[in-house]
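Worksheet: the structure to be examined is printed underneath.
Residue numbers (the numbering used here): 9 to 269.
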């Protein structure tokens, strides 16, 4: 189990205010802790039911709220997360147990299970005919329960996330990298910490009324996840700029949400 990460995730009783507000081109979505907890449970349920082998869970969504819930759901299920394009995963010689993307070109062809999630935030299903054997990352999730009990004995990788880039580099993100310090845009992991024991965090704060939101504006999903998680751990609302959102959207989001950035 990734105990530190799981302690940071919202629970079903966190329904009093948004934990995650996402802005994209012509779209905005606001998610309470309860709704996020539901999505995380559904993702974990699907992974547990469908994935039996492979090199972790590939998330090829880019910076998108659906990428956040798939990463958190994968950790809830005790799975390692791979972040990168289908090409970078293939170049690394990896075969994920599951690959999820917003575009079929970003699905890993060697994955045991393939999932397409709709890019539009409010869509309830994939907008077109799905390729053969590919699951719907919205509609098919709805069949799974809203609650998931992680197995404490589940075997997990020493690090929760590996980021793959086009130059063939692997960046390993430990729990401490993802949770360690208050978010600052552009911050990166301290280094390769595979097998290192991250120090336990302080008790997780729950978002409280009146605390200022934090704008998370990153070019990649891995640092965006760090921004969201450290903001949650600080007890504040994360305002995530999804891929394609420019500075005008950032300024509007910061102004509307009263967010620091």
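For glycine and all other residues, C-beta sits at the position ideal for the given N, C-alpha and C.
Could you check whether the Cβ of residue 39 sits closer than 7 Å to any heavy atom belonging to the ligand NAD? Ligands displayed in this structure: none; no statement on the ligand NAD is therefore possible.
Candidates 95, 114, 98 and 118, of which the one nearest residue 105 by Cα: 118
What is the DSSP secondary structure of residue 75, reduced to helix, strand or coil? helix
Is it buried or exposed for residue 33, if we count other Cβ within 10 angstroms and need 16 for buried? exposed
Can you name the start and end residues of the beta strand (DSSP E) that residue 26 belongs to? 26-32
Are three or more beta carbon pairs between the region 150-161 and the region 42-61 nearer than 8 Å? yes
When burial is assigned at 16 or more other CB atoms within 10 Å of the CB, is residue 71 buried or exposed? buried
Could you give the C-beta distance for residue 172 and residue 67, rounded to a whole number, given that I count them as a contact under 8 Å? Their Cβ separation, rounded to whole angstroms, is 11 Å, which puts residue 172 and residue 67 out of contact at 8 Å.
Starting from residue 255, trace the alpha helix (DSSP H) both ways and give me its first and last residue. 255-265
With H, G and I counted as helix, E and B as strand and the rest as coil, what does DSSP make of residue 113? helix
Which listed residue (17, 40 and 82) has its alpha carbon closest to that of residue 26: 40
If contacts are defined as beta-carbon pairs under 8 Å, then residue 220 and residue 244 qualify, I think. What distance do you get, rounded to the angstrom? 7 Å
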